[in-house]
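J.:
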Amino acid sequence: MYIIQHHIVCHNLDVVAITESWLREDSGDDILRELCPAGYSSLHKPRIGKRGGGVAIIFRDTVRVRPLSLDFVALSYEFLAASLTTNSTCFTLLVIYRPPSHKPNQFIDEFASLLEFLVHSPGLLLIVGDFNIHVDDKSCQLGQSFLSLINSFDLQQHVSDSSHVGGHTLDLVLSRSSDNFLVDCSTFDFISDHRAIHWCAKAHRPLRPVKKVEFRKLKSIDFSSFCSDLLKLPLLTSPAGDCESALSQYNNDLACVLDSHAPMVKR
């Protein structure tokens, strides 16, 4: 999974949605904590009772993320919903994973029910994930039924290229056509047997927190004067009689001389 961490850092990503995480309920949080680059956090929803599956979101700490508890149960797919806020832009992100073995008609019915629940909610809406549907294949009945369904809810599908090593567009990015929210969406490197999908939204990237640093201008020290002051220290002229006092004297005296010649600068 560290290829994901590398991908996040190299491409400076703000939000990452993961499907088929294979994270377990008892260890998923610890694994994600180790996986997240510095300055990122995560949340996830594991598959309960079985191996595989699972969905997760990794996000930069400057993006405010709140998990949403939807009063909805789906048997044919897994999902994770969250509210994301960056500066003045707020949107609902829904991460979907549909196992290919589930009955197509059941998925269409259950996904339609979820869309009825979400599509009229306030704010922007973004749905991403691995749907395991060949939406690029006009002879695929499930693909055509799915496209007809999202069209009836005024949703636009943004991925136009093959996203799987075996071909076909399985990984999708959906948004309301009326939102005009995404400015770019494209397939990228293979992370596994699936390509990464990069999307860019019309949202102001949050300002990164100002990092305060402290340093000393050691190169500006006059070496002769510095050595002269060291020779005058009580550490040498009147050393303490026990180890503990001598250690304290050593630390304090050297700190005083260093502060005198190269005071700490804060920025």
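In terms of our numbering, the sequence shown opens at residue -12 and continues consecutively. Note that beta-carbon positions come from the ideal geometry of N, C-alpha and C, so glycine has one too.
1. Using the Cα positions of ARG34 and ASP16, report the straight-line distance between them to the nearest angstrom.
2. Going by beta carbon distance, what residues of the same chain come within less than 6 Å of THR6, once the five residues before and after it are set aside?
3. Per DSSP, what kind of secondary structure is VAL50 in: helix, strand or coil?
4. Quick one, which of PHE59, LEU62 and VAL50 has its alpha-carbon nearest SER75's?
5. Taking the alpha-carbon of CYS(-3) as reference, which of ASP176, ALA69 and SER29 has the nearest alpha-carbon?
6. Touching or not, the segment 196 to 211 and the segment 137 to 146, by the rule of three or more beta carbon pairs under 8 Å?
7. Grab me the residues of SER162's own chain with a C-beta within less than 8 Å of its C-beta, minus the 5 sequence neighbours each way, in chain order.
8. Residue ranges of each alpha helix (DSSP H) run of no fewer than 4 residues wholly in the segment 44 to 129, ordered along the chain?
9. Roughly how many angstroms lie between the CA atoms of VAL152 and ILE178, to the nearest whole one?
10. So, for ASP249: in the same chain, excluding its five sequence neighbours on each side, which residues have a beta-carbon less than 8 Å away from its beta-carbon?
11. Suppose contacts are defined by Cβ-Cβ distances below 8 Å. Is SER63 in contact with LYS90 by that definition?
12. Might you give, ordered along the chain, the residues of its own chain that have their beta carbon closer than 7 Å to the beta carbon of ASP48, omitting 5 neighbours on each side?
13. Compare the C-alpha of PRO221 against each of CYS77, GLU103, ASP123 and LEU234 and name the closest.
14. What is the DSSP secondary structure of SER211, reduced to helix, strand or coil?
15. Should GLU21 go down as buried or exposed, given a rule of 16 or more other Cβ atoms within 10 Å for buried?
16. Would a C-beta distance cut-off of 8 Å place LEU71 and LEU80 closer than the cut-off?
17. Can you list, in chain order, the residues of its chain whose CB lies under 6 Å from that of ALA68, leaving out five sequence neighbours each side?
18. At 3 residues or longer, and completely inside the segment 136 to 173: list those beta strand (DSSP E) runs for me, N to C.
19. Please report the residue range of the beta strand (DSSP E) in which CYS187 lies.
20. Beta-carbon separation of THR156 and ASP123 under 8 Å?
21. Measure the alpha-carbon distance for PRO135 versus LYS189 and round it to whole angstroms.
22. Between HIS107, VAL52, ASP96 and LYS37, which lies nearest to VAL60 when the distance is taken from Cα to Cα?
23. Using a Cβ-Cβ cutoff of less than 8 Å, which residues in the same chain neighbour HIS93 once the five nearest sequence positions on both sides are dropped?
24. Is ILE184 closer than 8 Å to ILE149 when the C-beta atoms are compared?
T.: Let me spell this out:
1. In a straight line, the C-alpha of ARG34 is about 14 Å away from that of ASP16.
2. Same-chain partners within the cutoff: VAL42, TYR84, GLY116 and ASP117.
3. The answer is coil: DSSP assigns VAL50 none of H, G, I, E or B.
4. Nearest to SER75 by alpha-carbon distance, out of PHE59, LEU62 and VAL50, is VAL50.
5. When only C-alpha atoms are compared, the closest one is ASP176.
6. With a cut-off of 8 Å on Cβ pairs, the segment 196 to 211 is not in contact with the segment 137 to 146, counting fewer than three such pairs.
7. The residues are LEU111, LEU112, LEU113, ILE114, LEU142, GLN143, HIS145, PHE168 and LEU169.
8. Taking 4 residues as the minimum length, the alpha helix (DSSP H) runs contained wholly in the segment 44 to 129 are 91 to 105, in order along the chain.
9. Each residue's Cα considered, the two are about 10 Å apart.
10. Note that residue 249 corresponds to Ala in the displayed sequence, not to Asp. Listed in chain order, the non-local C-beta contacts of ALA249 below 8 Å within the same chain comprise ARG203, LYS204, LEU205, SER207 and ILE208, local neighbours out to five positions each way being set aside.
11. Contact check for SER63 against LYS90 passes: the beta carbons are separated by less than 8 Å.
12. Around ASP48: GLY26, TYR27 and SER28.
13. Nearest C-alpha to PRO221: LEU234.
14. Residue state, collapsed to three classes: helix.
15. With fewer than 16 other CB atoms across the displayed protein chains lying within 10 angstroms of its CB, GLU21 is exposed.
16. A contact, by the Cβ cut-off of 8 Å.
17. Setting aside the 5 residues that flank it on each side, ALA68 is surrounded in the same chain by LEU55, LEU57 and LEU81, each with a C-beta closer than 6 Å to its C-beta; the list follows chain order.
18. For secondary structure counted as the beta strand (DSSP E) over 3 or more consecutive residues, the segment 136 to 173 holds these complete runs in sequence order: 142 to 144 and 158 to 163.
19. Counting along the chain, CYS187 sits inside the beta strand (DSSP E) bounded by residues 182 to 188.
20. Yes, the pair counts as a contact, with Cβ atoms nearer than the cut-off.
21. Reading the sequence as shown, one finds Ser at residue 135 and not Pro. Those two C-alpha atoms are separated by around 26 Å.
22. The option with the nearest alpha carbon to VAL60 is ASP96.
23. Here residue 93 turns out to be Gln, not His, going by the sequence shown. So the list reads LEU62 and SER63, once near-sequence residues are dropped.
24. It should be noted that the sequence gives Ser, not Ile, for residue 149. Judged by beta-carbon spacing, ILE184 lies beyond the 8 Å limit of SER149, meaning their Cβ atoms are not closer than that value.
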